[in-house]
Amino acid sequence: MTRTPRTGGPIEELLERSGRFFTPGEFSADLRTVTRRGGRQGDVYYRDRWSHDKVVRSTHGVNCTGSCSWKVYVKDGIITWETQETDYPSVGPDRPEYEPRGCPRGAAFSWYTYSPTRVRYPYARGVLVEMYREAKARLGDPVLAWADIPADPGRRRRYQRARGKGGLVRVTWAAV
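Per the working numbering, residue 146 is the first one in the sequence shown, and the count goes up by one each step.
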């Protein structure tokens, strides 16, 4: 590599030498080498950025029609980054492999895990919950109570007509 001869005078020399005040290191006499002070401490940020506690397998359920598998990297209980899973079984020697799976549409919804609009509790149609609680009090068995609701045409019609009209109530996991 050839070096362009210097054309400037004392001002160029002054500017080149003043760079040492803005760089955390020591310049060689010919200004070609910079020896950094402090070792590789600046790399800690980048190493921490890609570190993780565990890798879990997941899928993007929202707006995802393929349910493609993803490697989700978790640090301190928070998803830090994701990559597409590549261990799907082969589709055969006469077809091209279907890898990697995972489309931008599904990946765009990875933020949904921490969204304030995400549903985090079970909800059920209020009319159906009322009928279930009444049937469970009457019959005692939860399975028989759920089976009893659609068995009666009047009750079945009542909860079917409530569809699409809101009326969802928050229930507990034990009640569902």
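Backbone N, C-alpha and C define an ideal beta-carbon position, used for all residues, glycine too. No experiment lies behind these values; they were computed from the predicted model shown.
Neighbourhood of residue i by C-beta, 8 Å cutoff - its chain only, sequence neighbours within 5 removed
| i | result |
| --- | --- |
| residue 96 | Because the chain here runs from 146 to 321, residue 96 falls outside it and cannot be looked at. |
| residue 221 | 198 |
Cβ-based burial, residue i [other Cβ within 10 Å; buried from 16]
| i | result |
| --- | --- |
| residue 251 | buried |
| residue 280 | buried |
| residue 273 | buried |
| residue 314 | exposed |
| residue 189 | exposed |
| residue 268 | exposed |
| residue 236 | exposed |
| residue 302 | exposed |
Residue span of the alpha helix (DSSP H) that contains residue i, given as start and end
| i | result |
| --- | --- |
| residue 289 | 287-296 |
| residue 251 | 249-252 |
| residue 191 | 189-194 |
| residue 162 | 155-163 |
Beta-carbon contacts of residue i that lie in its chain and below 7 Å, excluding the five residues immediately before and after
| i | result |
| --- | --- |
| residue 204 | 212, 213, 214 and 215 |
| residue 277 | 290, 291 and 294 |
| residue 320 | none |
| residue 247 | 213, 215 and 229 |
| residue 176 | 161 |
| residue 266 | 315 |
| residue 287 | 281 |
Helix, strand or coil at residue i [DSSP, three-state]
| i | result |
| --- | --- |
| residue 264 | coil |
| residue 270 | strand |
| residue 281 | helix |
| residue 170 | strand |
| residue 227 | strand |
| residue 244 | coil |
| residue 300 | helix |
| residue 256 | helix |
Range of the contiguous beta strand (DSSP E) that encloses residue i
| i | result |
| --- | --- |
| residue 313 | 313-315 |
| residue 236 | Premise fails: residue 236 is in no beta strand (DSSP E) and is neither H nor E. |
Residues that DSSP places opposite residue i in a beta bridge
| i | result |
| --- | --- |
| residue 214 | 204 |
| residue 199 | 219 |
| residue 179 | 172 |
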